[in-house]
Amino acid sequence: MTRLVIEEPVIDGGAVVLTTSHFGRNQNGIWATVGAWNGHHGHRARINLDNPDARKQYGEVAHAEIPEASAEQFARVLRDMAAKIEQHINGESDAGDAGDADSAEESAPAETQAAILVRLATDAGWSPFHDPDGMPYVTLPGAQGEAQTHKLNNKEVRLALMRLYHTTKGQVPRTQAIQDALGILQGRAIFDGPACAVYVRLASHEDTIYLDLCDEAWQVIKVTADGWSVIRGDAAPVKFRRARGMLPLPLPRRGACIDDLRPFLNAGTADTAPDDTRWRLLVGWLIGTFNPHGPYPALDIQGEQGSAKTTTARILRSLIDPHSVPLRSEPREVRDLMIAASNSWIVAFDNLSDIREWLSDSLCRVSTGGGFGVREHYANDEETLFDVTRPALLTGIGQVATKPDLLDRLIIVEQPSIPEDQRTDERSFWAHFEEKRAGILGALLDAVVMAQRNKDSVHLARKPRMADFALWVTAAESAFGWQPSTFVDAYSANRSSANDMALDASPVGVAVCAFMDGRDEWTGTATDLLKELTEKVGEATSKGRDWPKKGHVLTNDLKMLAPSLRAASVAVSWERSGKRRSIHLLRGKGGENGVTGVTTGEQASHGASPASHGASPSDHEASFVGRERHLFHASSDAGDAGDAPEQHFSPDDDEGDLVDDWIAPDPPLAWMHRALGAAPPTAPCQQCGAVMWEAVTTESGSWWRCMYLIKNLGAGYTEATE
Numbered sequence: 009m010t011r012l013v014i015e016e017p018v019i020d021g022g023a024v025v026l027t028t029s030h031f032g033r034n035q036n037g038i039w040a041t042v043g044a045w046n047g048h049h050g051h052r053a054r055i056n057l058d059n060p061d062a063r064k065q066y067g068e069v070a071h072a073e074i075p076e077a078s079a080e081q082f083a084r085v086l087r088d089m090a091a092k093i094e095q096h097i098n099g100e101s102d103a104g105d106a107g108d109a110d111s112a113e114e115s116a117p118a119e120t121q122a123a124i125l126v127r128l129a130t131d132a133g134w135s136p137f138h139d140p141d142g143m144p145y146v147t148l149p150g151a152q153g154e155a156q157t158h159k160l161n162n163k164e165v166r167l168a169l170m171r172l173y174h175t176t177k178g179q180v181p182r183t184q185a186i187q188d189a190l191g192i193l194q195g196r197a198i199f200d201g202p203a204c205a206v207y208v209r210l211a212s213h214e215d216t217i218y219l220d221l222c223d224e225a226w227q228v229i230k231v232t233a234d235g236w237s238v239i240r241g242d243a244a245p246v247k248f249r250r251a252r253g254m255l256p257l258p259l260p261r262r263g264a265c266i267d268d269l270r271p272f273l274n275a276g277t278a279d280t281a282p283d284d285t286r287w288r289l290l291v292g293w294l295i296g297t298f299n300p301h302g303p304y305p306a307l308d309i310q311g312e313q314g315s316a317k318t319t320t321a322r323i324l325r326s327l328i329d330p331h332s333v334p335l336r337s338e339p340r341e342v343r344d345l346m347i348a349a350s351n352s353w354i355v356a357f358d359n360l361s362d363i364r365e366w367l368s369d370s371l372c373r374v375s376t377g378g379g380f381g382v383r384e385h386y387a388n389d390e391e392t393l394f395d396v397t398r399p400a401l402l403t404g405i406g407q408v409a410t411k412p413d414l415l416d417r418l419i420i421v422e423q424p425s426i427p428e429d430q431r432t433d434e435r436s437f438w439a440h441f442e443e444k445r446a447g448i449l450g451a452l453l454d455a456v457v458m459a460q461r462n463k464d465s466v467h468l469a470r471k472p473r474m475a476d477f478a479l480w481v482t483a484a485e486s487a488f489g490w491q492p493s494t495f496v497d498a499y500s501a502n503r504s505s506a507n508d509m510a511l512d513a514s515p516v517g518v519a520v521c522a523f524m525d526g527r528d529e530w531t532g533t534a535t536d537l538l539k540e541l542t543e544k545v546g547e548a549t550s551k552g553r554d555w556p557k558k559g560h561v562l563t564n565d566l567k568m569l570a571p572s573l574r575a576a577s578v579a580v581s582w583e584r585s586g587k588r589r590s591i592h593l594l595r596g597k598g599g600e601n602g603v604t605g606v607t608t609g610e611q612a613s614h615g616a617s618p619a620s621h622g623a624s625p626s627d628h629e630a631s632f633v634g635r636e637r638h639l640f641h642a643s644s645d646a647g648d649a650g651d652a653p654e655q656h657f658s659p660d661d662d663e664g665d666l667v668d669d670w671i672a673p674d675p676p677l678a679w680m681h682r683a684l685g686a687a688p689p690t691a692p693c694q695q696c697g698a699v700m701w702e703a704v705t706t707e708s709g710s711w712w713r714c715m716y717l718i719k720n721l722g723a724g725y726t727e728a729t730e
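Everything in the sequence shown is counted per my numbering, starting at 9 for the first residue and increasing by one.
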């Protein structure tokens, strides 16, 4: 067997080539392992080149994979390749008989520029491979010996090939030779190279996080539960690529404090914003972007002109994913959004005036993960697929998001206007920030270390939407000196305001809330409800584009608004009787949708919170199927409730005495103990999410009971509990 690279173009221009480096002669004639490649797809097989039927069969299979070249073209080039191989083998044989090395060298065909380029790349230590989607990549040594990873068809790889050839031969190779060499390397990457995942900016491997600094030395930051350090890129078990526009992060500096970031964000001070809500939300979102797994709520920064919305967005992005174009205008189509998300870690859009429906849906997919496919260029039945989960950053003067599903994935921060006497010039502002940026990054990495350390011991009494995000930030917040549940409280209040925004932005939501004023409940068909709502809103609203014209459209709107309506104490459910389907509206007593009860580490191990006794969702479901009653004690002194030891009661226990072996479920369910004179709970029912408590008295004592859950579980449950 002979090892020599032979490549032949199949069609003019070299867009499709046949290559072989494994060939020989046996009793059946000339054989070779031949690869066909067009830069995207390929076919590789060993065939008998002297057999016309074998050449024809190879051509048919290759044509099916690469339709731009015909089966006849493949077969014809295979025949020419067989002649070249035979000439080469015969030349080697004659040289061996003569024993003259010089004549053997003269008889061998001249090495093409493409073959020289491939040989030089191999000798230089280039390592072709492909990602799980079959995209060819190469890891090659840089000018300082650093390991660089690139897509095989990008500009950097072409320049590296030219540099190798120029260094060796003193001249620049032909463009076609470079293209042919890339085709051979791509074939090797796909057919012979290993499969390796390739990341942009942030990656994880075996519970370790890696952050690409994007510097010239290709260094990365390694973050574990024990600390963080800067290492060489080739020492990391993950591969990063550099997309166009990505800028380097500074080398992080230890010993700084996250409060060094506060002067650069328009989040107020302890004097102007005592609750620090804006500050906590901004820092919490930023820490969430360091979680390589997601999901990621989108950050929506709102405010009037002069409130530093754009500056705040640029500051936040520069601390994890700096870019030459940090903020973009609204994308024109889904493809643009997905390409931007694939080539950066943060997707950021500035100065939005509204968010169209397709963009709202696409941002939801980017936030929590989702795929998108488009037809591949120059192919009839192939798709280019995108599957990304990324943090998103939006800015705008007013409320740009109106759809409930996107609002449910947003953190909305209202920026106050900056007085003129507190403004500064951009030159000194950014110079001061660059002095502090390395230290701020170090403080953020300290928080990521804390999140890595605490993430498995953090428990929330009730997990909100984006629960993984909330858990991650809660695990990190002690690095900032925050008390447990500091971020969760701010996040829950922000989500509650987003529910109000969703209702205010929907004419159906406003109409349903007004319709239920003065009503405890209503039952009827969607058509009946649409008729009553239409009469109530008047002609101006009912003629509008957003008003439903059919009952099934109203049903879809109600399903989308159901979580927001429930937070506003209007529960929506659907009941079917035979072929008739009814809508049931039930009015509650009002309250906020909150998340309380955070335990971490040692607290959880000693059972200092009901969260430490967490029952799984299946436990909750099984208990309600059996019509059991679960209770959660509420202290009569709300101010001391957090300091008092937990006491768990059961209505089945006489006189309401303590039951030592009974554990309150996590989260608390449909019943809560009612202290004498206590106000109705503001927390939602943990089984159904409604805030519809009614006071009941049983032999075991006084309790708050969820009206919505009792109503929907039926009379059997009511009789069993009363």
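Ideal Cβ placement from N, Cα and C applies to all residues, glycine included.
When only Cα atoms are considered, tryptophan 39 and isoleucine 93 end up about 9 Å apart. Per DSSP, reduced to three states, the secondary structure at glutamate 154 is coil, with no helix or strand assignment. According to the DSSP secondary-structure assignment, methionine 254 is paired through a beta bridge with His331.
Annotation: the continuous alpha helix (DSSP H) that includes asparagine 564 extends over 559 to 575. Taking the Cα of proline 245 as reference, the smallest distance to any Cα among Lys551, Lys177 and Ile229 is reached at Ile229.
As a beta-bridge residue in DSSP terms, glutamate 529 pairs with Leu594. Leucine 401 is bridged by DSSP to Leu307 and Ala356. Secondary structure note for alanine 185: its alpha helix (DSSP H) is the uninterrupted segment 183 to 199. Within 10 angstroms of the beta-carbon of arginine 182 lie fewer than 16 other beta-carbons, which makes it exposed. Around the CB of threonine 175, fewer than 16 other CB atoms lie within 10 Å, so the residue is classed as exposed. Out of Tyr499, Asn161, Lys411 and Asp454, the CA that lies nearest to the CA of proline 472 is found in Tyr499.
A direct Cα-to-Cα measurement between alanine 548 and proline 515 gives close to 11 Å. In this structure, alanine 83 sits away from aspartate 58, with a CB-CB distance that is not shorter than 8 Å.
Secondary structure note for aspartate 234: it is in no alpha helix (DSSP H), with a DSSP letter that is neither H nor E. Going by beta carbons, valine 466 and glycine 292 fall outside the 8 Å limit.
In terms of Cα proximity to asparagine 507, the closest of Gln65, Leu415 and Thr531 is Leu415. Here serine 590 has Thr531, Gly532, Thr533, Trp582, Glu583 and Arg584 as same chain residues with Cβ atoms under 8 Å from its own Cβ, once five neighbours each way along the sequence are excluded.
As the crow flies, the alpha-carbon of aspartate 358 is around 19 Å from that of arginine 373. Nearest neighbour of arginine 325 by Cα position, chosen from Glu76, Leu452, Arg33 and Ala513, turns out to be Leu452. Under the three-state reduction of DSSP, tryptophan 490 is assigned to coil, being neither helix nor strand. Setting aside the 5 residues that flank it on each side, arginine 445 is surrounded in the same chain by Pro258, each with a C-beta closer than 6 Å to its C-beta; the list follows chain order. About 20 Å separates the CB atoms of alanine 459 and leucine 401; that is not less than 8 Å, and the two are not in contact. For the pair of segments examined, the segment 427 to 442 was found not to touch the segment 509 to 529: the number of CB pairs separated by less than 8 Å stays below three.
For proline 339, the three-state secondary structure derived from DSSP is coil.
The C-alpha of arginine 240 lies about 9 Å from the C-alpha of alanine 155.
Going by beta carbons, aspartate 512 and isoleucine 420 fall outside the 8 Å limit. Per DSSP, the continuous alpha helix (DSSP H) segment holding threonine 542 begins and ends at 534 to 545. Only residues of its own chain outside the window of five on either side were considered, and among them Pro515 have a CB closer than 8 Å to the CB of glycine 552, listed in chain order. For a cut-off of 8 Å, the C-beta gap from isoleucine 266 to phenylalanine 488 is around 5 Å, short enough to register as a contact. Taken atom to atom, the span from the alpha-carbon of threonine 232 to that of threonine 130 is near 35 Å. Residue range 60 to 73 is occupied by the alpha helix (DSSP H) that includes glycine 67.
Here alanine 197 is not near histidine 158, since their CB atoms are 8 Å or more apart. Beta-carbon to beta-carbon, methionine 254 and histidine 331 are separated by about 6 Å, close enough to satisfy the 8 Å threshold.
DSSP places leucine 259 in the coil class of the three-state scheme, outside both helix and strand. Excluding its 5 nearest sequence neighbours in each direction, isoleucine 19 has C-beta neighbours in its own chain below 8 Å: Glu76, Ala77 and Gln81, listed in chain order.
If you draw a 10 Å sphere on the C-beta of aspartate 188, you find 16 or more other C-beta atoms in it, and that means buried.
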